[in-house]
Amino acid sequence: MTPLPKTSTDQDLIAFVDRWASLLEKEDYAGAYQLTEHDPAMRWTPELIRTVIKSYGDASPTQRVTLAGKPTDITQRKEVTRWPENRLKGVGDVWYDLNVDGFVSDLTATFWIVSTPEGLVLRLNDIHVM
126 MTPLPKTSTD QDLIAFVDRW ASLLEKEDYA GAYQLTEHDP AMRWTPELIR TVIKSYGDAS
186 PTQRVTLAGK PTDITQRKEV TRWPENRLKG VGDVWYDLNV DGFVSDLTAT FWIVSTPEGL
246 VLRLNDIHVM
């Protein structure tokens, strides 16, 4: 992944995650995987990302993430929280509710924002139902 500038705004970080979601929409799980870093404890692979998405809700093999989503009883959350750099170089996180098959869902991707000498990287933490 190419780091983002340290001066990136919250909107820049959300636009980056929108880009990640647009790769998922194309079912380019390898491309989405390569766009971010990953929490080693979660053991993410492109196939695991695909499995999590395909297993959501009705678990349809044809369902996919979509960039656009009509509201349901859930409003899409795209939220950035920042804090002072900690010992693990974390400076914040992003919570991003995924749209599935054109509807807002409670399937949420979370990312850690990590400060590196080259800039900010987004590290996929989890994709889970909130």
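Quick note: the sequence shown uses the numbering used here, first residue 126, plus one each step. Virtual Cβ for every residue (Gly too), placed ideally from N, Cα, C. On a predicted model such as this, the values are computed, not experimentally measured, just so you know.
Beta-carbon separation of residue i and residue j under 7 Å?
i	j	result
residue 133	residue 245	yes
residue 251	residue 235	yes
residue 232	residue 254	yes
residue 145	residue 160	yes
residue 197	residue 229	yes
residue 155	residue 171	yes
residue 148	residue 140	no
residue 150	residue 176	no
residue 152	residue 212	no
At the 7 Å Cβ level, is residue i part of the contact set with chain C, yes or no?
i	result
residue 245	The displayed structure is made up of one protein chain only, and chain C is not part of it.
Expressed to the nearest angstrom, what Euclidean distance is found between the alpha-carbon atoms of residue i and residue j?
i	j	result
residue 137	residue 186	32 Å
residue 178	residue 203	18 Å
Quick one, which of the options has its alpha-carbon nearest residue i's?
i	options	result
residue 207	219, 200, 213 and 201	219
residue 226	215, 174 and 194	194
residue 201	127, 143, 217 and 126	143
Sequence ranges, beta strand (DSSP E) only - wholly within the segment 173–218, length at least 3: 203–207
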